[in-house]
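Undergrad: Encoded as structure tokens, here's the structure I'll be asking about.
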Amino acid sequence: MIRLNRYWENLTVLQVNREAPRASYIPYAGDVSAKSGKRGKSPFYQTLNGTWKFRYYSSVLNVDEPFYKETADTSGWDDLIVPSCWQVNGYDQLQYTNIDYPFPNDPPFVPNDNPAGLYVRDFNVADCWEGKDKYIVFEGVNSCFYLWLNGQFAGYSQGSRMPAEFNVSSFLKPGKNRVAVIVLKWCDGSYLEDQDSWRYSGIFRDVYMLARDRVHIRDVFNKQKFEDGFRKAVLTTEIETNGHLNACADLKDAAGKVVASAKAVVEGKGTLRFELDYPNMWSAEAPYLYELYVRGGAEVLRFPVGFRQVTVEGGVFWINGQAVKLKGVNRHDFHPELGQTIPVTHMIKDLVLMKKHNVNTIRTSHYPNDTRFMDLCNEYGFYVVDEADLECHGIGNDHIEGSSHTLSRDPNWKAAFIDRAARMVERDKNHPCVVMWSLGNEAGYEANHIAMAEWIRERDPSVPVHYEGAAPHYKGSPRVECLDLESRMYASVQEIEAYAKDENNIKPLFLCEYSHAMGNGPGDLKDYWDVIYRYPKLIGGCVWEWNDHGIATETKDGTPFFAYGGDFGDKPNDGNFCIDGLVTPDRKPHTGLLELKKVLAPIRIEGHDIEAGQIKVTNLYDFIDLSHLSVIWKVELDSRLMQQGQLDVDGIMPQNTRLMTLPFTLPEKFYGRYVLTFSIVLKEETRWAEAGHEISFEQMEWSCNEPSLAFDDDVRHISVKPSPALQTEETGRWLTVEGFDFRHVFDMELGTLRQISRNGVNMLDVSSEFAIWRAPTDNDMHAKGKWLAEGYDRAAMKTYDCDWIKIEDGGIELRSRFSLGADSRASILAGEARWKVNVSGELSLHLNVKVQEGQPYPYLPRFGLRLTMPSGMEEVEYSGFGPHESYIDKRQSVRRGQFLTTVDGMFENYIMPQENGSRYGTEWAVVSNAQGMGLRFSAPDGFSFNVSHFSPEDLTEAKHDWELAKKKRKETIVHLDYKMSGVGSNSCGPELAEPYRLNEKEFQYELCLMPVFKEDE
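Note that the numbering used here has the sequence shown beginning at 1, numbered continuously upward.
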């Protein structure tokens, strides 16, 4: 083994020769190149990204070659692109774990078999850099590393997601040089980096050289204050130099005009002062940026300046004097192929999607993101909760009382805690997007966190400090005066409302994580925001989380899929708990993101006297009016367009409501259901969306129920020609009912419908059945155990008796009594079914259902009729809510209409297969072949509707979406549900709210089925 000082297990050594942390910047030679923001345009910058020679060792103890020497032969080594993560390049073990440390919990020690990556590359130093100080910067290395230049040890650093900068002037020579690095997978700092994510290693962010004047500006801190409200801004620029320097600076507006200048002679520390009358204020809605160009010697440093003030007063969170709601998401650095190496284009893709879906806040869970991401947040307009690279979730896994606070209370770890806060704040202190500093995540709360908070408040009192770990669920919490906000994870709607009502709670409440978006969900967003809008003390929160962390890979036969924990043989692992985002790994929105977009919409339109065309328009923006939006409206009568127009909402100021009247007049002779739809779109193209992009929509409806003079009196009913009386024949267990052009068959033993046909076209493949099981969603993971225990997944129907009679209108009625139950369990429910067949061939089903008394059954996943239609029944047309899936608690993003799709088009793919594609509140639906021959379904009170080529059992059994290819059925499985329970967010959030559970002990259900040739009717 090569001789290394064992810094990786030494709590007293966090770095060797590393420069003090500073603000993020690149020195340029002039204003033009500085304004470009392109590092390569600076003559003082040289990238070291690219191909390095690389060798992987499963243990640092096995590294016996002096690879760092100038004479070391690395020609036989592998080539590895830097930046990158080992694990996505075929080295080491891909592993996902949420809470558990991937090594024994024995702080500060890590396993002897500590994997190591050796990196070597040669590079040239430009002649023009002669006489300058040279620095090497590593923006992110996981978890710790040792550095050599030309065979000489130059430094050590740990703390994976913050820059490490070294002055390497004394180690370099003109011309060719060699840099060598050994990266260890684990160090004592790994106990503080137990974030819920894939565990990556290596040099995963940029590496570069900087040339600096011997005397240069080392650090800049831009501080703001305001006078006379916000009519005057005072910018004080604190400058730190490494010697005597003449410094000057210009503050330029967005058009490039100099609006203020200052200069000073600085000896170590100095200040520049700028005053500006009537500044343009920065906010997420209007991210106006000034630019500060600070000059010293041959260097120009450029900093964005967004004038903004963040305060917490009276239990309210204020930005620029306005109470603001934080409409956020949690975002990990994650790329499905590159791991934690994130290209700028990928960052922009995330931000554009967020803007398009009305997100205004990002929590950098759970570490500082790449500094260029922060630059982009300044420019695009996002509030950022900047979080320290600190989580020691696994420390409490021994389940000893208070063990989660072990590291936070241990004074030996204090320096490491403060180091992570300091490096974050120093790097990001000049970013206007930062509106909150976070002390990390799930790391207990004791003296070391308090020390972090006090350090931050001393260094930057202008930005509030947040930390969820200090929430009252930690009994015996130490003092929390150092924290400016109260924070919660996954508190229920009832809990946050109780907090808001309690006058003893004097801090704003921030939901740093809520509404877990795993799989088919979340299903409780509107409930949260109804309450958040109601109380000033509730300032919003961040949905967990932005994206699924699936790794792009393929099966043995070459089928591509996104992998999750355990798919690479990793142990321990937390399975698909990393598949919990609003977008797929390749950034395709789930329907949960569409739901979030609607709930967070910055404009609300409500009916006032809707039949007279009177509406209320409310501007929910905090700082801008609605002049950038256009509101397009239309009125439909029973899906037929009647009138349309455009509404002028210019001049409606933030947080104001205007009563408006639409210029529509509807002829009195038309009766039926009117639907008024508003589409709110961008008037002009922006940086993040095209003109016409829909920000939100609203719908209102009302009915005129008198008979119509223009249309059929009931568009939900398809009339047929009068038919003769039915012909019936009972043969053994089969009852055949035949009419003018149809033939239906019932199974008298089971009391079920066995066949439906019209003009010889068969529309049913197997007997109908009643169903309560759905493929559990990820958010059902806790309810699932109770369902399985009671046999919901294997419930079978028992028919007690069945008989039939002819009825007065010429039809027949069949009655049966039945129950549903599982082996070894008591019956779950009992019911009576009444099937009626009329002379036109329409079947109506009347159900009376009672859950068995005295049995404490958990709520039902669903209840309804299940049909299996034959191959070829691929076309789906329905009237209800669409165009995508919806559930009782996940339906804000769907609109009423008439939709034409396919069975495959109804399917919503999730990486972990589960219940999907249901349509809440359906009025009628037709499933047919391409010629329109099929079945039409309707219910007087609406129904939940699902059509698929997969049964709930298929979806339950499959663990990956690729497995479904083998299970896809040619038949079409139709579920016509009285109700489907909601989806909620109980994979991590509170239990499904009572109103969204199918928990009724007794209910009735009516359903109509009709064989149709819809193109004729």
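Even for Gly, the Cβ is constructed at its ideal location relative to N, Cα and C.
Pull up the distance between the alpha-carbon of Gln340 and that of Thr584, whole angstroms please.
TA: So the two alpha carbons sit approximately 16 Å from each other.
Undergrad: Rounded to whole angstroms, what's the CA-CA distance from Ser708 to Met797? Just pull it up for me.
TA: The predicted model places Ser708 with a pLDDT of 42, which falls under 50 and marks its position as unreliable; any figure quoted below should be read in that light. Going from the Cα of Ser708 to the Cα of Met797 covers about 44 Å.
Undergrad: To the nearest angstrom, how far is the alpha carbon of Ala116 from that of Tyr191?
TA: For Ala116 and Tyr191, the distance between alpha carbons rounds to 18 Å.
Undergrad: Compute the Euclidean distance between the alpha carbons of Pro589 and Tyr293, then round it to the nearest angstrom.
TA: Cα to Cα, Pro589 sits roughly 39 Å from Tyr293.
Undergrad: Which residue marks the beginning of the alpha helix (DSSP H) containing Pro304, and which one marks its end?
TA: Note, Pro304: premise wrong, no alpha helix (DSSP H); beta strand (DSSP E) at Glu299 to Val305.
Undergrad: Looking at C-beta atoms only, is the number of pairs between the stretch 568 to 587 and the stretch 309 to 323 that lie closer than 8 Å three or more?
TA: Short answer: they don't touch.
Undergrad: Inspect the beta-carbon positions of Phe274 and Leu245 and report whether they are closer than 9 Å.
TA: In this structure, Leu245 does not lie closer than 9 Å to Phe274 by Cβ.
Undergrad: Applying the criterion that 16 or more other CB atoms from any shown protein chain within 10 Å of the CB defines a buried residue, is Pro464 buried or exposed?
TA: Answer is buried; the Cβ neighbour count reaches 16.
Undergrad: Thinking Leu383 and Ala284 are a contact (beta carbons under 8 Å), I'd like their distance in whole angstroms, please.
TA: For the record, residue 383 in the displayed sequence is Tyr; it is not Leu. Contact flag correct, Cβ pair sits at about 5 Å.
Undergrad: Nearest CA to the CA of Glu19: which residue from Asn114, Asp133, Glu701 and Ile342?
TA: Nearest option by C-alpha distance: Asp133.
Undergrad: Between Cys187 and the rest of its own chain, which residues show a CB-CB distance below 6 Å, the 5 nearest in sequence each way excluded?
TA: Within the same chain, Cys187 has close Cβ partners Trp8, Ser143, Cys144 and Gln158.
Undergrad: Is it buried or exposed for Tyr146, if we count other Cβ within 10 angstroms and need 16 for buried?
TA: The residue is buried, with at least 16 neighbouring Cβ atoms inside 10 Å.
Undergrad: From Asp747 to Arg604, what distance separates their C-alpha atoms?
TA: Going from the Cα of Asp747 to the Cα of Arg604 covers about 53 Å.
Undergrad: Would you report the Cα separation of Arg997 and Tyr535, rounded to the nearest angstrom?
TA: Spanning the two alpha carbons is a distance of roughly 27 Å.
Undergrad: Do you know offhand how far His717's Cα is from Trp529's?
TA: At His717 the pLDDT is 45, less than 50, meaning the model places this residue with poor confidence and gives no usable figure here.
Undergrad: Extract the residue ranges of the alpha helix (DSSP H) inside the stretch 562 to 640, only unbroken runs of 4 or more that lie entirely within it.
TA: Counting whole runs of 4 or more residues, the stretch 562 to 640 contains the alpha helix (DSSP H) stretches 591 to 599.
Undergrad: If we ignore side chains and look at the alpha-carbon of each, how far apart do Phe711 and Thr677 end up?
TA: Residue placement at Phe711 is flagged as unreliable, the pLDDT there being 37, under the threshold of 50; the coordinate-derived value follows with that caveat. Looking at the two C-alpha atoms, the distance is approximately 21 Å.
Undergrad: Using three-state DSSP, classify Val720 as helix, strand or coil.
TA: Per-residue confidence for Val720 stands at a pLDDT of 46, beneath the threshold of 50, marking its modelled position as unreliable; the derived number appears in the next sentence. Coil.
Undergrad: Would you call the stretch 257 to 270 and the stretch 320 to 334 touching, i.e. three or more CB-CB distances under 8 Å?
TA: Verdict: no, contact absent.
Undergrad: So His846 is in the beta strand (DSSP E); what residue range does that whole segment cover?
TA: Unbroken beta strand (DSSP E) run through His846: Leu843 to Val851.
Undergrad: In whole angstroms, give me the CA-to-CA distance for Lys526 and Glu595.
TA: Taking the straight line joining both Cα atoms gives about 9 Å.
Undergrad: I'd like the ranges of any alpha helix (DSSP H) spanning at least 4 consecutive residues and lying wholly in the stretch 491 to 547.
TA: DSSP runs (the alpha helix (DSSP H)) wholly in the stretch 491 to 547: 493 to 501 and 525 to 534.
Undergrad: Identify whether Pro995 lies in helix, strand or coil by the three-state DSSP scheme.
TA: Looking at Pro995 - three-state DSSP - the assignment turns out to be helix.
Undergrad: How many whole angstroms separate the CB atoms of Ala451 and Leu407, which I take to be in contact at a CB cut-off of 8 Å?
TA: Their Cβ separation, rounded to whole angstroms, is 13 Å, which puts Ala451 and Leu407 out of contact at 8 Å.
Undergrad: Kindly give me the distance between the Cβ atoms of Ser944 and Thr972, rounded to whole angstroms, as I take these residues to be in contact under 8 Å.
TA: With a Cβ gap of about 17 Å, Ser944 and Thr972 do not count as contacting.
Undergrad: Compare the C-alpha of Gln46 against each of Val141, Arg161, Tyr208 and Cys392 and name the closest.
TA: For the residues Val141, Arg161, Tyr208 and Cys392, the minimum Cα distance to Gln46 belongs to Tyr208.
Undergrad: Where does Gly469 fall in DSSP's three states?
TA: If DSSP states are grouped into helix, strand and coil, Gly469 belongs with the helices.
Undergrad: With contact counted as at least three CB pairs below 8 Å, one residue from each stretch, are the stretch 944 to 958 and the stretch 758 to 777 in contact?
TA: Yes, they touch.
Undergrad: Select from Lys41, Arg161, Asp460 and Leu1009 the residue whose C-alpha is nearest the C-alpha of Ser768.
TA: Per the Cα distances, Leu1009.
Undergrad: Confirm, please, whether the CB-CB distance from Glu165 to Arg55 is below 9 Å.
TA: No, these two residues do not count as a Cβ contact at 9 Å.
Undergrad: Among Ile756, Pro861, Ala830 and Ala826, which has the Cα closest to the Cα of Arg817?
TA: Nearest C-alpha to Arg817: Ala830.
Undergrad: Taking only runs of the beta strand (DSSP E) that begin and end inside the stretch 237 to 303, which ones reach a length of at least 3 residues, in chain order?
TA: Entirely contained in the stretch 237 to 303, the beta strand (DSSP E) runs reaching 3 residues are, in chain order, 258 to 277 and 290 to 296.
Undergrad: Please name the residue, chosen from Tyr514, Lys959, His335 and His846, that lies closest to Ala833 on a Cα-to-Cα basis.
TA: Of the candidates Tyr514, Lys959, His335 and His846, the one whose C-alpha sits nearest the C-alpha of Ala833 is His846.
Undergrad: For Tyr674, which three-state DSSP category applies?
TA: Of the three classes helix, strand and coil, the one that applies to Tyr674 here is strand, per DSSP.
Undergrad: Roughly how many whole angstroms lie between the Cα atoms of Ile828 and Asn909?
TA: C-alpha separation (whole angstroms): 31 Å.
Undergrad: Within the same chain, show all residues whose beta-carbon is closer than 8 Å to that of Tyr467, passing over the 5 residues directly before and after it, in chain order.
TA: Excluding residues within five positions, the ones whose Cβ falls inside 8 Å are Ser438, Leu439, Gly440, Tyr445, His449, Ala453, Leu483 and Ser487.
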